[in-house]
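Engineer:
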DNA sequence: CTAGGGTTAG
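Residue numbers (our numbering): 1077 to 1707.
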């Protein structure tokens, strides 16, 4: 190589160079800042080495891949090069891929390379430019370029074939991806994994599973993709099941796998499972930091163990170099209604680290304010997001504000936010306002908002149900039934209330009035006995919460007593030792009567009862709920 | 001197 460069040296032989050619190249590798690169760039110019493709490619790689990269600078270097070779083109095409808004530059560069230069694209070129097509969602160009690659005889190259498979999958053309996969003569583990990942991305876990079962050999990525896939489509049980199968007969899991398995536990409220994974992580000597730490904090927080989550967070000070653990901790405090602690964690991050808060941080922080009725603080953080932290509010942040203001009773102001925000409102945000209308019994506004929602999204069951419930709670049965009939006629299905509880590592689920559990008889007779005890203690069923048109008061009470929350709590009381805390999870918001009843249960049976509903936790102890009845 | 597959958060 040195001999090759010496030809360039002669151009400047009158000037004694500071470094030898090889020394310069080695120095490039040790650059730690843009100023150092500039110095070496200057040396490359004085020695004329800059006219040689190898040092220029090295320089470009540094300018495009290091932490202090500068695409503008790189592009300048590229433009100065008289006639770039294939390496230089490829490096530049690759450089533009990850910059979302400029990934079209990769394609532009590819086109000009084909049109204006004598350089013929090779397999590397296609790997890069096709990846750019999939990042930029450029379907027609992607297809043309595929044809081009095949014409050049690159359909036998496994890298090219794999990137084509991935591109079609990324573009949502899963059938096409499969066609390429099936027709490909050169397939390796990556092809199989790309194809599985394609099915996962399309939400087709059956397709993914079929390939997974079929494939000749599976590595840690194959398994992790499947475990993560099940978690993504909310098949958490399947996720954990497959994780255990992996431990038995697959390769050892890595951080990726563990994070997905922990997320599944968090979603299932499977604390025992989660603890088991924590032990496994420690036993196998994984370094607990960043994402894995975040996964653990998230799992413990979502399984009700907010104290323990905080303990881990505090004990691993040096492992918090990214935003992940912070967001998990702030989010954990938020769902537990520990608003001040969420704020404290945020302030601690701000004061003691250089980590910049992101979109998710503010969602958690605003959620915390909302759950704690901290209206002034919420307003202040919302105002400061863009101005002090450069995080522009997105629809989710506006949603948090609507929830915060609406729940606190500022309905008009909440509506003003929706009307004035720069993004078009969606059903979720109108739904938040509708929910607030229900809490504050503003039927008039609810009717208006309900109309808006149904105009834009006539199939929204949640909205209709909420509206019907509102009419019901005010005794306006005719109107309630009218809305309900519409729902029934259209064939829309309401999500049924479902409560789950983990016992000895098994998750048990209960629906309203469920009689499918093996212990049904015992549970129902326990419920009768329990209701009687609660009444003696002063519990009065809130029959206003019965939103069906049942005229008999006694029937209303029975309907309440069979709510899935109560079934799960009864099951827990029967099957656990005295004083053991009971953890349950409901897929919807907890109902007002169940909330009241659970307060009494915690006192009468002397149990701590931890309830996770769709939005937050309620810790019941000694007749009091941690949410202070604000939810 | 340039290649490919898998994570989490409201």
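All C-beta atoms in this analysis are idealised placements derived from N, C-alpha and C, irrespective of residue type, glycine included.
Give me the residue from 1558, 1503, 1511 with the minimum Cα distance to residue 1533.
Structural biologist: 1503
Engineer: Since residue 1230 and residue 1202 should fall inside the 8 Å C-beta cutoff, what is the C-beta to C-beta distance between them, to a whole number of angstroms?
Structural biologist: Your pair residue 1230 and residue 1202 checks out as a contact, with CB atoms roughly 6 Å apart and the cut at 8 Å.
Engineer: Quick one: what does DSSP say residue 1606 is sitting in, helix, strand or coil?
Structural biologist: helix
Engineer: Please classify residue 1578 as buried or exposed, where buried requires at least 16 neighbouring CB atoms within 10 angstroms.
Structural biologist: buried
Engineer: Short of 7 Å in beta carbon distance, which residues of its chain neighbour residue 1467, apart from the five on each side in sequence? Order them along the chain.
Structural biologist: 1433, 1434, 1435, 1438, 1461
Engineer: Look up residue 1662 in the DSSP assignment and give the residues it is bridged to.
Structural biologist: 1575
Engineer: Does the distance from the C-beta atom of residue 1186 to that of residue 1169 stay below 7 Å?
Structural biologist: yes
Engineer: To the nearest angstrom, report how far apart residue 1374 and residue 1342 are at their CA atoms.
Structural biologist: 7 Å
Engineer: Using only CA atoms, which one of 1364, 1509, 1377 lies nearest to residue 1394?
Structural biologist: 1364
Engineer: Can you grab the Cα-Cα spacing for the pair residue 1332 / residue 1691, in whole Å?
Structural biologist: 27 Å
Engineer: Along the chain, which unbroken stretches of the beta strand (DSSP E) at least 3 residues long are found entirely within the segment 1451-1482?
Structural biologist: none
Engineer: Hey, could you find the ends of the alpha helix (DSSP H) residue 1583 is sitting in?
Structural biologist: Not the alpha helix (DSSP H): residue 1583 falls in the beta strand (DSSP E), residues 1582-1587.
Engineer: Determine the closest residue to residue 1385 out of 1398, 1369, 1396, with distance taken between C-alpha atoms.
Structural biologist: Nearest C-alpha to residue 1385: 1369.
Engineer: Nearest to residue 1303 by CA position, among 1486, 1326, 1096, 1160, is which residue?
Structural biologist: 1326
Engineer: Quick check on the DSSP output: the alpha helix (DSSP H) that includes residue 1505 runs from which residue to which?
Structural biologist: 1503-1515
Engineer: Give the single residue among 1490, 1469, 1520, 1483 whose Cα lies nearest to the Cα of residue 1499.
Structural biologist: 1469
Engineer: Would DSSP call residue 1079 helix, strand or coil?
Structural biologist: The predicted model places residue 1079 with a pLDDT of 40, which falls under 50 and marks its position as unreliable; any figure quoted below should be read in that light. It is helical.
Engineer: If contact is defined by three or more beta carbon pairs under 8 Å, each pair taking one atom from either stretch, is the segment 1206-1226 in contact with the segment 1177-1197?
Structural biologist: yes
Engineer: Where residue 1420 and residue 1683 are concerned, what is the direct C-alpha to C-alpha distance, given to the nearest angstrom?
Structural biologist: 30 Å
Engineer: Give the DSSP-derived three-state secondary structure of residue 1319 in the structure shown.
Structural biologist: In this structure, residue 1319 counts as helix in the three-state DSSP scheme.
Engineer: Taking residue 1244 as the reference, which of 1672, 1673, 1257 has the closest Cα?
Structural biologist: Considering only 1672, 1673, 1257, the residue with the shortest C-alpha distance to residue 1244 is 1257.
Engineer: Return the bridge partner residues of residue 1700 from the DSSP annotation.
Structural biologist: 1697
Engineer: Using 7 Å as the threshold, is the C-beta distance between residue 1646 and residue 1587 below it?
Structural biologist: no
Engineer: Classify residue 1550: buried if its beta carbon has 16 or more other beta carbons within 10 angstroms, exposed otherwise.
Structural biologist: exposed
Engineer: Going along the chain, which residues of its own chain have a beta-carbon closer than 8 Å to the beta-carbon of residue 1539, five neighbours each way excluded?
Structural biologist: Excluding the 5 residues flanking it on each side, residue 1539 has same chain C-beta neighbours closer than 8 Å at 1503, 1506, 1507, 1510, 1526, 1529, 1530, 1533, in chain order.
Engineer: What do you get for residue 1464, buried or exposed, if any count of 16 or more other CB atoms within 10 angstroms of its CB means buried?
Structural biologist: exposed
Engineer: Residue 1103 and residue 1116: beta carbons closer than 7 Å?
Structural biologist: yes
Engineer: CB-CB under 6 Å to residue 1298, same chain, minus the five flanking residues each way: which ones, in chain order?
Structural biologist: For residue 1298, where only same-chain residues beyond five positions count, the Cβ hits under 6 Å are 1269.
Engineer: Assuming residue 1367 and residue 1400 form a contact by the criterion Cβ under 8 Å, report the distance between their Cβ atoms to the nearest whole angstrom.
Structural biologist: Rounded, the Cβ-Cβ distance is 5 Å, consistent with contact.
Engineer: What span of residues does the alpha helix (DSSP H) with residue 1528 cover, start to end?
Structural biologist: According to the DSSP assignment, residue 1528 belongs to the alpha helix (DSSP H) that extends over 1519-1532.
Engineer: Out of 1608, 1487, 1100, state which residue places its alpha-carbon closest to the alpha-carbon of residue 1680.
Structural biologist: 1608
Engineer: Does DSSP classify residue 1685 as helix, strand or coil?
Structural biologist: strand
Engineer: With distances taken between CB atoms, is the gap from residue 1296 to residue 1330 smaller than 7 Å?
Structural biologist: yes
Engineer: What residue range is occupied by the uninterrupted alpha helix (DSSP H) comprising residue 1211?
Structural biologist: DSSP places residue 1211 inside the alpha helix (DSSP H), whose first and last residues are 1199-1211.
Engineer: Can you give me the Cβ contacts of residue 1291 inside the same chain, cut-off strictly under 6 Å, excluding the 5 residues immediately before and after it?
Structural biologist: 1268
Engineer: Three or more C-beta pairs under 8 Å: does that hold for the segment 1303-1312 against the segment 1271-1289?
Structural biologist: yes
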